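For what it's worth, numbering that gives the first Met the number 0 labels the leading residue of the sequence shown as 0, then goes sequentially. We put the beta carbon where it would ideally sit given N, CA and C, even for glycine. Since this is a predicted model, take the numbers as computed values, not measurements. For reference, the structure discussed in these notes is given below.
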Amino acid sequence: MNKSFYTVEKLEEGTFRIDECGRDNCYLLLGEEDTLLIDCSIGTGHLPTLLSTLTRLPVTVAATHAHGDHAGAGYQFPALFVPKEEITLNFRIQNLRFYRRKLLSNTMKKQGITKKNIDGSIFRAKWLPMEDGRVFDLGGRTVRTFRVPGHTAGSTVFADETRLLLFLGDSICPVLPMHTYRCLPLSSWLPGARRVLALANEGYTMFCGHGDGRMSAELLAQQIAWVQEILKQYPHNETKHRRAFYPEFSAEGCVGFDPANLY
Ligand SMILES: [Zn+2]
Numbered sequence: 000m001n002k003s004f005y006t007v008e009k010l011e012e013g014t015f016r017i018d019e020c021g022r023d024n025c026y027l028l029l030g031e032e033d034t035l036l037i038d039c040s041i042g043t044g045h046l047p048t049l050l051s052t053l054t055r056l057p058v059t060v061a062a063t064h065a066h067g068d069h070a071g072a073g074y075q076f077p078a079l080f081v082p083k084e085e086i087t088l089n090f091r092i093q094n095l096r097f098y099r100r101k102l103l104s105n106t107m108k109k110q111g112i113t114k115k116n117i118d119g120s121i122f123r124a125k126w127l128p129m130e131d132g133r134v135f136d137l138g139g140r141t142v143r144t145f146r147v148p149g150h151t152a153g154s155t156v157f158a159d160e161t162r163l164l165l166f167l168g169d170s171i172c173p174v175l176p177m178h179t180y181r182c183l184p185l186s187s188w189l190p191g192a193r194r195v196l197a198l199a200n201e202g203y204t205m206f207c208g209h210g211d212g213r214m215s216a217e218l219l220a221q222q223i224a225w226v227q228e229i230l231k232q233y234p235h236n237e238t239k240h241r242r243a244f245y246p247e248f249s250a251e252g253c254v255g256f257d258p259a260n261l262y
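Written out as C-alpha cells, the structure is:
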C-alpha cells in the first residue's frame, strides 16, 4: 500500500474527490449512517486503507460504469454495485490485471508507478447488479441514480438530491469520450445529456471521472450543440471506424466521436 498514489480533495463537508495520480477520480459521500464510494479507480493503491482515514462508517461501493479505471479496484471491497447491463464477461475481461496495467498513463509512470503497483484479481470482485433508478440512502443524504447511455450502455449518473451534486463518471466530461471502444452511437447520448443539463440548470453542481473533476453547465450545453452539428454534418454513418474530435481536440472541451458510430 502506498497512500501517496491518491490525493484527497475535500469538496465540501462530507464530500471528497479522490484523485488517482491525475488519472481518474472517485468520490466519497458521507451520510449519517452509511457512506457511498462512487467509482474505485484502477487500484494503484489500497483504497480501503485510505478510506479508513476519512470515515469509520461502512462503505458502499458503486461504479458509474464497468471500465477498468472506474471499477478496477472493486476486488479490494466485499462487493461492488455495477450497472446490471455491464455484468458481462467482456467487462470482466476489461478489468483483468493485464488490461488495467495497460491503463497506466505517462503521468503515472513519471510518478514512479509501475505495472507491479496494479495488482489483484477481478475474479475476487463481487459485482452486484445496479438497476436504473436505484436509490442509496446514506442517512440524512439520498443519492438517486439514472442512466445516461452513450459512453457505455449502462453509464450511470449519481444525483445527490440532498446536496444537489451530480457525479457523472465518463457520461459527460470536458473531452466527451464517445470515441472509445464499444461506445453506443453518438446520437443515443443526447437524451441523457439533456436530462443532466436540466438538473445543472436547476442548481446541481457536476463532477466527472477525469481531470480535476470539474464540468460546467455552459460546456455541457456547448457539447450538446456540437453533437447536433456533428449529426448534421454526417447524415449517415461512415463505413470505416476512426477516432475524431469536434470542433478539434482540446482538453478544455470537445467531443470525441467515431464517424462510423453515429446512428
Ligand atoms: Zn469509461
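Please go through the same chain and pick out, in chain order, the residues whose beta-carbon is closer than 7 angstroms to the beta-carbon of residue i, but skip the five residues on each side of it.
i       : result
Ile-301 : The requested residue 301 is not part of the displayed model; the chain covers only 0 to 262.
Asn-1   : Confidence at Asn-1 is low in this model, with a pLDDT of 45, below 50, so its placement is unreliable and no value can be given for it.
Phe-90  : Ala-65
Gly-30  : Leu-137, Gly-138, Gly-139, Arg-140
Gln-110 : Cys-20
Gly-149 : Ser-170, Met-177, Cys-182, Leu-183, Ser-187, Trp-188, Gly-191
Given this structure, state the Cα-to-Cα distance separating residue i from residue j, to the nearest angstrom.
i       : j       : result
Phe-256 : Leu-88  : 25 angstroms
Ile-112 : Leu-50  : 21 angstroms
Lys-108 : Thr-179 : 22 angstroms
Arg-16  : Thr-238 : 41 angstroms
Leu-28  : Gly-252 : 27 angstroms
Arg-162 : Gly-42  : 28 angstroms
Pro-246 : Arg-22  : 24 angstroms
Cys-39  : Ser-187 : 26 angstroms
Leu-36  : Thr-106 : 24 angstroms
Tyr-74  : Thr-34  : 18 angstroms
Cys-172 : Gln-222 : 10 angstroms
Val-174 : Leu-218 : 10 angstroms
Ala-243 : Ser-215 : 23 angstroms
Phe-248 : Met-177 : 13 angstroms
Phe-4   : Leu-102 : 15 angstroms
Leu-189 : Pro-234 : 16 angstroms
Leu-56  : Phe-135 : 15 angstroms
Ser-154 : Val-7   : 24 angstroms
Ser-120 : Gln-227 : 41 angstroms
Ala-250 : Val-156 : 22 angstroms
Leu-95  : His-69  : 13 angstroms
Arg-133 : Ala-124 : 21 angstroms
Thr-48  : Asn-236 : 47 angstroms
Ala-72  : Ser-104 : 17 angstroms
Val-142 : Arg-100 : 32 angstroms
Asp-131 : Asp-118 : 31 angstroms
Asn-200 : Lys-9   : 24 angstroms
With hydrogens ignored, establish whether the beta-carbon of residue i is closer than 6 angstroms to any heavy atom of ligand 1.
i       : result
His-45  : no
His-178 : no
Asp-33  : no
His-66  : yes
Asp-23  : no
Asp-257 : no
Asp-169 : yes
Among the candidates the options, whose CA atom is the shortest distance from the CA of residue i?
i       : options                            : result
Thr-204 : Gln-221, Lys-231, Asp-159          : Asp-159
Ala-220 : Glu-251, Ile-92, His-235, Ala-192  : Ala-192
Tyr-98  : Gly-67, Pro-77, Gly-111, Ile-112   : Gly-67
Thr-144 : Lys-231, Glu-32, Ala-61            : Ala-61
Cys-207 : Val-195, Glu-201, Asn-200          : Val-195
Gly-202 : Leu-165, Lys-231, Asp-169          : Leu-165
Gln-232 : Ala-216, His-209, Met-214, Pro-258 : Pro-258
Thr-151 : Gln-93, Ala-216, Lys-115           : Gln-93
Phe-76  : Thr-59, Asp-118, Thr-63, Glu-84    : Thr-59
Leu-198 : Gly-119, Leu-167, Thr-14           : Leu-167
Thr-52  : Ser-120, Ser-154, Gly-71, Gly-13   : Gly-13
Arg-122 : Asp-131, Val-142, Ala-78           : Residue 122 is actually Phe in this sequence, not Arg. Residue Ala-78 is the option with its Cα nearest to Phe-122.
How far does the beta strand (DSSP E) with residue i in it reach, from first residue to last?
i       : result
Thr-14  : 14–19
Tyr-203 : It is not in any beta strand (DSSP E) - Tyr-203 carries neither H nor E in the DSSP assignment.
Glu-8   : 5–11
Thr-34  : 34–37
Asn-236 : Counting along the chain, Asn-236 falls outside any beta strand (DSSP E), and DSSP gives it neither H nor E.
Can you name the start and end residues of the alpha helix (DSSP H) that residue i belongs to?
i       : result
Val-195 : 189–200
Gly-67  : 67–70
Asn-105 : 105–109
Arg-100 : 96–100
Val-226 : 216–232
Residues in its own chain within less than 8 angstroms of residue i by CB, not counting five upstream and five downstream?
i       : result
Ile-229 : Leu-185, Tyr-245, Val-254, Phe-256, Leu-261
Thr-54  : Leu-27, Leu-29, Thr-34
Residues in the same chain with beta-carbon distance under 6 angstroms from residue i, minus the five sequence neighbours each way, listed in chain order, please.
i       : result
Trp-225 : Tyr-245, Val-254
Asn-24  : Arg-16, Asp-18, Gly-208, Gly-212
Phe-80  : Ala-61, Leu-127, Met-129
Asn-116 : Thr-43
Glu-84  : Ala-152, Gly-153
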